[in-house]
Amino acid sequence: MKVLVTGGAGYIGSHTVRQLVKTGADVTVLDNMVYGHAGALVDPEVKLVKGDLGDASVVYPLLMKGNFDAVIHFAAFINVGESVQNPLKYYMNNIARPLVLLGAMQAAGVKRFVFSSTCATYGVPTQIPIPETEKQDPINPYGSSKYMLEKVCRDCDRAWGLKSVFLRYFNASGCSEDGLIGEDHEPETHLIPNILLTLTGEKEYIEVFGTDYDTPDGTCIRDYIHVNDLADAHLKAVDYLMKGGATECFNLGTGLGLSVREILETAEKVTGKKIPVRYGPRREGDPPRLIANPKKAKEILGWEARCKDAGAIVETAWKWMTGPRRGHY
Ligand code: UDP
């Protein structure tokens, strides 16, 4: 099987590429290397094409000659706050550029597409845990950009038979168990790596964004899902499409919710260190609770999160954070 992975040198992309290679798939990564890391592609058989998915002079020849069975599309900007400040950057990168990729797929007759979507497309949900039938009503440009690309894909299905799987991630976290690849964002905005950066001395303290939410301890609740479980869902989504599956969306989470305070306690337990914390105001655009109902992914894809222990997630993140590869790949 031949698979093109856009953004394959990024965090979730590189974990997925490693699992794909293990299945014997022939993997090509298309990455503009703005946020990607060449060292995240640890398997020598993976082909890296350095280029932008919005560059027709790169993607058309690649798709026309590649004979790909499927495309897995990760490449996107992911910073919610930045998307509020600079929406056009997000609409350009997360919608306009992928249109070029989809055009090349249409021209080449590649009709299987696995797309990294997000629970941010639900905005502030009316049901917890959130089923896929929840209304999509994003509250920031990042969520809107993902929602709009889902709609584009549905229109392409009607027009030329593109079959897509929208994987709506909850909170991707953790790193590969062997510590070889991990999360290396610049700037880092996510909770778990930011907590751990206070212990490596790279951050003075972690600021907790809001303690007055309507939750048991006043801090936001999220569904933290290990990156290797996410990666596994991509493999299952490709299989599903290869077997003739129709366009579908799936929530990817554990179904369990943890508060910011609970994650802090977990990190203290795992590392055996006291974390320097300051309590600040709410961050704009943060819904109080996001927890997946992952039933549909189990029923249709046969996928379920294997790691349901936040301690194990934090442990892999800590191993990466204190290992020799971070910052050097
Ligand atoms: N958070 C926090 N301090 C930080 C980063 C995050 O209190 O430095 C909180 C954030 O408000 C949210 C949760 O941690 O409630 C998870 O945030 P993250 O940015 O990791 O993921 P998101 O839920 O925004 O996708």
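When you line the sequence shown up against our numbering, it's residues 7 to 335, in that order. Idealized CB from N, CA, C, for every residue including glycine.
Check	Outcome
Which first and last residues belong to the alpha helix (DSSP H) in which Val120 is found?	Run containing Val120: none in the alpha helix (DSSP H); it sits in the beta strand (DSSP E), 118-124.
Where are the beta strand (DSSP E) runs, 3 residues long or more, that stay fully inside the region 142-184, in chain order?	169-175, 177-179
Just to check, is the beta-carbon of Asp3 closer than 6 Å to a non-hydrogen atom of the ligand UDP?	Limits of the chain in this structure are 7 at one end and 335 at the other, which puts residue 3 out of reach.
Given Arg332, which residues of its chain have a CB within under 8 Å of its CB, disregarding the five upstream and five downstream residues?	Gly188, Asp190, Trp326
DSSP beta-bridge partners for Glu213?	Arg284
The ligand UDP: which residues have Cβ under 6 Å from any of its heavy atoms, chain order?	Val86, Asn177, Thr195, His196, Leu197, Asn200, Ile212, Glu213, Val214, Phe215, Cys226, Arg228, Val266, Arg289, Asp292
Are at least three pairs of beta-carbons, each pair with one atom in the region 84-101 and one in the region 220-238, less than 8 Å apart?	no
Do you know how far the Cα of Ile227 is from the Cα of Ala114?	43 Å
Keeping to the same chain, check which residues put their C-beta closer than 6 Å to that of Asn146; ignore five residues upstream and five downstream.	Val86, Ser89, Val90, Gly291
Less than 8 Å between the CB atoms is what I'm expecting for Met7 and Asp32, so what's the real figure, rounded?	7 Å
Going by DSSP, what residues sit across from Ala323 in a beta bridge?	For Ala323, which the question treats as bridged, DSSP gives no partner whatsoever.
At what residues does the alpha helix (DSSP H) containing Asn85 begin and finish?	Where Asn85 is concerned, there is no enclosing alpha helix (DSSP H), given that its DSSP letter is neither H nor E.
In the DSSP assignment, find the unbroken alpha helix (DSSP H) run with Val244 in it and report its ends.	233-248
Would DSSP call His79 helix, strand or coil?	strand
Tell me, please, whether the region 238-253 touches the region 157-175 by the rule of three or more beta-carbon pairs shorter than 8 Å.	yes
For Ala15, which beta-bridge partners are listed by DSSP?	Partner(s): none; Ala15 has no beta bridge.
Please list the segments of the beta strand (DSSP E) lying wholly inside the region 37-64, counting only runs of 3 or more residues, in order along the chain.	53-56
Can you tell me whether DSSP reads Ala318 as helix, strand or coil?	helix
Whose C-alpha, out of Gly14, Phe215, Gly13, Gln25, is nearest the C-alpha of Asn234?	Gln25
Thinking just about the alpha-carbon of each residue, which of Phe119, Leu59, Thr132, Glu140 is nearest to the one in Pro104?	Leu59
Which residues bound the beta strand (DSSP E) around Ala268?	Checking the sequence, you will find Glu at residue 268 rather than Ala. Run containing Glu268: none in the beta strand (DSSP E); it sits in the alpha helix (DSSP H), 266-277.
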